[in-house]
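Numbering (full-length UniProt numbering), first residue to last: 1 to 288. C-beta: ideal position from N, C-alpha, C; glycine also. Values in this document were obtained by computation on a predicted structure and should not be read as measured data. Below you'll find the structure, written out as structure tokens, and then a few comments.
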């Protein structure tokens with residue numbers, strides 16, 4: 001089977017596309033439930049620290065239970081209503097029970113995950129690199145969506161992926177281990193330094209601590225070499241996005257804007273095409 005997938009890359013890309021649709025459906029659950037699970041955990045810890053009685057035990061709530069249901073009418077979603085993309089199209093974007101509109105976020109996440117998986121499969125071909133970067137890509141997508149909704153980059157997603165990058169690169173997966181270690185250190189410290197300089201000058205927090213960890217994660221996967229390009233592209237993307245939102249009057253200048261999605265997109269691009277982008281730039285300015 002591995003020989004077949006190696007010799008026929010389009011078969012591998014097709015399988016990655018289907019797998020991405022399935023994973024995207026799960027990410028919809030993860031993005032919706034994980035922040036609620038964390039909030040419950042934090043509330044319980046706060047009550048314990050304050051010496052308050054614990055909340056009454058409610059029904060089990062995790063990534064598996066309860067079954068998925070419509071957020072409007074709480075009607076359980078049947079299996080045929082949960083097929084990635086197809087169910088949304090067949091139901092014409094409405095709940096089969098209450099007929100309330102279903103958020104376009106669900107098919108968007110499934111489609112984005114499928115396309116990202118296919119691009120990774122096409123870029124790396126069949127092998128360990130493709131499998132590892134697919135997992136990273138799924139995590140970055142989930143973290144980006146959570147950050148957009150809650151301005152939160154959960155440690156429960158960021159830290160395991162950071163360690164996975166270091167472990168993978170201990171075998172030379174995408175970078176050497178020294179480059180990966182320095183990537184994690186420099187990635188964290190660079191934004192940490194920017195944070196404190198901004199705070200000293202303005203007295204305000206310029207970004208969340210999760211952004212430090214996310215850039216460390218990207219450095220752990222791609223090595224320190226991808227960090228300058230990642231920061232440059234993320235900054236440009238952040239400015240561009242902010243200007244568009246202000247133009248559309250969907251964002252106030254005083255309101256914080258999540259930077260995690262910008263870092264995730266920029267880091268993903270730098271990881272896949274950083275070398276080609278650098279070569280193109282150097283050739284354009286006559287240095288190569």
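Handout entry: residue 12, enclosing alpha helix (DSSP H) - first and last residue
Key = 9–49 is the extent of the alpha helix (DSSP H) around residue 12.
Problem - Inter-residue Cα distance where the pair is residue 159 and residue 267 - result: Roughly 16 Å between the two C-alpha positions.
Problem - 7 Å Cβ shell around residue 151 - same chain, five flanking residues per side excluded - result: Around residue 151: 208, 256, 258.
Exercise for the section: Starting from residue 80, trace the alpha helix (DSSP H) both ways and give me its first and last residue. Expected result: Careful: residue 80 lies outside any alpha helix (DSSP H) and carries neither H nor E.
Problem - Stretch pair the region 215–222 + the region 173–187: three plus CB contacts closer than 8 Å - result: Between the region 215–222 and the region 173–187 there are three or more C-beta pairs closer than 8 Å, enough to call the two in contact.
Handout entry: Rounded Cβ spacing between residue 223 and residue 183 (contact assumed at less than 8 Å)
Key = A Cβ-Cβ distance of about 5 Å is found for the pair residue 223 and residue 183, placing them in contact under the 8 Å criterion.
Problem - Where residue 69 falls: helix, strand or coil (DSSP) - result: In the three-state scheme derived from DSSP, where H, G and I count as helix and E and B as strand, residue 69 is classed as strand.
Exercise for the section: Between the Cα of residue 312 and those of 230, 119, 85, spot the shortest distance and give me the residue it belongs to. Expected result: The chain is shown from 1 up to 288; residue 312 falls before or after that span and cannot be answered.
Practice task
Tell me residue 101's beta-bridge partners as DSSP assigns them.
Solution key: Looking at the DSSP output, residue 101 bridges to 94.
Problem - Exposed unless 16 or more other CB atoms sit within 10 angstroms - verdict on residue 80 - result: Burial call: exposed.
Exercise for the section: Output the distance between the C-alpha atoms of residue 181 and residue 237, rounded to the nearest integer angstrom. Expected result: Spanning the alpha carbons of residue 181 and residue 237 requires a straight line of approximately 26 Å.
Exercise for the section: Report the option in 213, 192, 64 whose CA atom is closest to the CA atom of residue 206. Expected result: For residue 206, the closest alpha carbon among the candidates 213, 192, 64 is that of 192.
Exercise for the section: List the whole-angstrom C-beta distance separating residue 116 from residue 153, where the pair is believed to meet the contact cut-off of C-beta under 8 Å. Expected result: Not a contact, Cβ separation roughly 18 Å.
Exercise for the section: Work out the CA separation of residue 32 and residue 261 for me, nearest whole Å. Expected result: Whole-angstrom Cα-Cα distance: 17 Å.
Problem - At least 3 beta-carbon pairs within less than 8 Å: the region 66–75 vs the region 106–114 - result: Output reads no: the region 106–114 does not touch the region 66–75.
Handout entry: Per-residue DSSP class, three states only, for residue 228
Key = Of the three classes helix, strand and coil, the one that applies to residue 228 here is helix, per DSSP.
Exercise for the section: With DSSP as the reference, label residue 60 as helix, strand or coil. Expected result: In this structure, residue 60 counts as coil in the three-state DSSP scheme.
Practice task
Kindly indicate the opening and closing residues of the alpha helix (DSSP H) around residue 178.
Solution key: In the DSSP assignment, residue 178 falls within the alpha helix (DSSP H) that extends over 177–202.
Handout entry: Collapsed DSSP secondary structure at residue 208 in the structure displayed
Key = Three-state DSSP puts residue 208 in coil, outside helix and strand.
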